Amino acid sequence: MGFCLFNNVAVAAQYALDHHGLERVMIIDYDVHHGNGIQDIFYTDPRVLYFSVHQAPFYPGTGYSEERGEGAGLGTTINVPLPATVGYEIYEPVFRQVMSHAADRFNPQLILVSAGFDAHWNDPLGQMNLSTAGFAQLTKMIIDLAQMLCNGRLVMVQEGGYNLDVMGACVATCINLLLGDDAAVDSLGAGPNAEKEFHLNAEVLVAELRRIHKLTGYRMRNAPKPDIERLRREMKGPDA
């Protein structure tokens, strides 16, 4: 079930495990649809951490937060279903406080991204409110995470998206970021202030997700240490 004949990311993850000697692979999926195929393939496999943030209710009707894996794979599936019209104001704390912490705990040797851009506000099928700049910020977070956890081993795979202008802008922006250029290609700008059917409290959502996935109180082991001297100069001035 789904829009694809071949599950490229799942094939890549399995190949990395079988042929490159990897023991832990993380898949990050921000396509507007839940990746039910990826989830089913790795639902009992503890070697693959699957993180999906998606519109719900929406096709294919899976991806509830209670779906966490089974057997040896219990805890290696993380679903974040979000209501329509949600934008970066919710995606950002979910990525920063749930996805990043779960990744740090799992300590992947490779990160794969299901890079679907149908959560863009101008996509004709999805009903979310991300902009190209929002996708750029999420991608920066993933790149930083890959550099911190797995020596920059990151593969982005094109997934959904049904507006060619949106696709062109988002793909070009992600390629720029992967090449080390911060420039976002964004002629569409931010979306209109759509009337929201649900008003989410980001702090409550994050706290609940962290509770479900046993991240409450977890602090990132691999987070860069603060530059004490720089902080001191910023607080007291350059002559401190």
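Heads up: take any position in the sequence shown, counting from 1, add 2, and you land on this note's numbering. Even for Gly, the Cβ is constructed at its ideal location relative to N, Cα and C. Note that the structure is predicted; figures quoted are calculated from it, not measured.
Cβ pair residue i, residue j closer than 7 Å
i, j, result
"Y90", "G136", "yes"
"C172", "F97", "no"
"S54", "D31", "yes"
"A204", "V187", "no"
"N1", "T64", "Residue 1 is absent from the model: the chain starts at 3 and stops at 242."
"L147", "S102", "yes"
"M169", "G163", "yes"
"I177", "S67", "no"
"N131", "T87", "yes"
"Q111", "L24", "yes"
Buried versus exposed, by CB contacts within 10 Å (16 or more), residue i
i, result
"R49", "buried"
"Q99", "buried"
"T141", "buried"
"A18", "buried"
"L166", "exposed"
"P194", "exposed"
"D33", "buried"
"F8", "exposed"
"H56", "buried"
Residue closest to residue i, alpha-carbon to alpha-carbon, out of the options
i, options, result
"M158", "L7, A15, C6", "A15"
"L76", "L166, I145, N10, F44", "F44"
"G191", "G73, E72, T134, V34", "T134"
"D47", "A74, L151, L179", "A74"
"V27", "F108, M143, L202", "F108"
"F60", "P83, D42, T218", "P83"
8 Å contact criterion, which residue i and residue j should meet: CB distance rounded
i, j, result
"I265", "R155", "Here the chain comprises residues numbered 3 to 242, so residue 265 is not present and cannot be evaluated."
"E94", "Q139", "7 Å"
"A121", "P85", "Contact flag wrong, Cβ pair sits at about 12 Å."
"N125", "M222", "The sequence given here places Asp at residue 125; Asn does not occur at that position. Not quite, the Cβ-Cβ distance comes to about 32 Å (not below 8 Å), so this is no contact."
"V13", "I29", "With 8 Å as the limit, V13 and I29 do not qualify as a contact, their Cβ atoms being about 12 Å apart."
"N81", "H35", "About 12 Å; that fails the 8 Å criterion."
Contact with chain C by residue i, beta-carbon distance below 7 Å
i, result
"Y93", "Considering every chain present, this structure includes no chain C. It has just one protein chain."
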